[in-house]
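So the working numbering is basically just the index in the sequence shown, starting at one, shifted up by 3.
Virtual Cβ for every residue (Gly too), placed ideally from N, Cα, C.
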Amino acid sequence: MAARTSPVRVGVLGAGSWGINHVRVLAGEPRCRVVAVAEPDAAKRPLIAALAPAARWTASADAVLGDVDAVVIAAPAAAHVELALAALAAGKHVLIEKPLALRLGDARRVAAAARPGAVAMVGHLMVFHPAVRRIRELLRAGGLGRPFYVHAMRVNLGRIRSDETATTSSASIR
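As structure tokens, then:
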């Protein structure tokens with residue numbers, strides 16, 4: 004595959020707290036260009052404009068899919084599957100915030116829709132944390148022996164959400 008010379012054109016679907024965070028981070032990344040943000044709440048438009056002045060705002064996720072290379076799905080969890088399937092059908096790379104789906108069958112539908120050569124992944128931020136990567140390396144190399152008990156505590160649980168459970172939204176479950 005040839006090296007990409009132009010920035011990846013990204014659309015963000017959903018501008019809640021995590022969607023806004025994605026807009027902020029992507030707007031500061033020179034290899035990306037936030038070209039559109041889909042958010043039905045017009046009150047968020049000024050914040051989106053401040054973070055990514057060149058981004059087009061729309062209330063419709065469908066309106067974003069035509070002019071982007073990739074999408075970040077940060078909408079409410081109940082919308083993840085529908086948005087992911089639409090983006091994958093449109094040939095886009097897709098990053099889906101946790102949870103991928105609220106039901107296993109829906110998660111399988113999204114996985115089946117992913118196409119070879121494209122990125123389709125869930126935003127498990129801890130997977131990329133240097134400490135987690137090092138622990139994985141040590142485990143694979145046998146440097147920690149055979150674990151018989153692991154305990155981890157997440158000290159910031161974020162918002163309480165009635166539509167998610169610990170197993171569908173934990174940063175460490177994958």
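Candidates the options, of which the one nearest residue i by Cα
i, options, result
"residue 70", "59, 76, 77", "59"
"residue 62", "101, 47, 74", "47"
"residue 52", "35, 23, 79", "23"
"residue 100", "129, 115, 121", "129"
"residue 6", "34, 118, 104", "34"
"residue 64", "49, 84, 57", "84"
"residue 44", "144, 29, 16", "16"
"residue 25", "126, 115, 118, 90", "126"
Residue range of the unbroken alpha helix (DSSP H) whose run includes residue i
i, result
"residue 25", "20 to 30"
"residue 36", "No alpha helix (DSSP H) holds residue 36; the beta strand (DSSP E) holding it covers 35 to 41."
"residue 108", "107 to 116"
"residue 147", "From DSSP, residue 147 is part of no alpha helix (DSSP H); its letter is neither H nor E."
C-alpha gap between residue i and residue j, whole angstroms
i, j, result
"residue 109", "residue 140", "32 Å"
"residue 38", "residue 124", "20 Å"
"residue 77", "residue 156", "24 Å"
"residue 13", "residue 31", "13 Å"
"residue 148", "residue 138", "12 Å"
"residue 18", "residue 50", "9 Å"
"residue 36", "residue 8", "13 Å"
"residue 169", "residue 104", "Annotation note: pLDDT 49 at residue 169 (below 50); position unreliable, coordinate value reported separately. Looking at the two C-alpha atoms, the distance is approximately 13 Å."
"residue 133", "residue 152", "21 Å"
"residue 21", "residue 96", "18 Å"
"residue 94", "residue 29", "20 Å"
"residue 146", "residue 158", "27 Å"
"residue 131", "residue 114", "21 Å"
Beta-carbon spacing of residue i, residue j below 8 Å
i, j, result
"residue 27", "residue 68", "no"
"residue 73", "residue 11", "yes"
"residue 88", "residue 112", "yes"
"residue 41", "residue 66", "yes"
"residue 98", "residue 75", "yes"
"residue 121", "residue 102", "no"
Run of the beta strand (DSSP E) containing residue i, from where it starts to where it stops
i, result
"residue 83", "First-last for residue 83: 83 to 92, but that is the alpha helix (DSSP H), not the beta strand (DSSP E)."
"residue 98", "96 to 99"
"residue 48", "Note, residue 48: premise wrong, no beta strand (DSSP E); alpha helix (DSSP H) at 48 to 54."
"residue 125", "123 to 125"
"residue 14", "11 to 16"
"residue 73", "73 to 76"
"residue 59", "59 to 61"
Cβ of residue i within 8 Å of any chain C Cβ
i, result
"residue 102", "Checking the listed chains, one finds no chain C in this structure; it contains a single protein chain."
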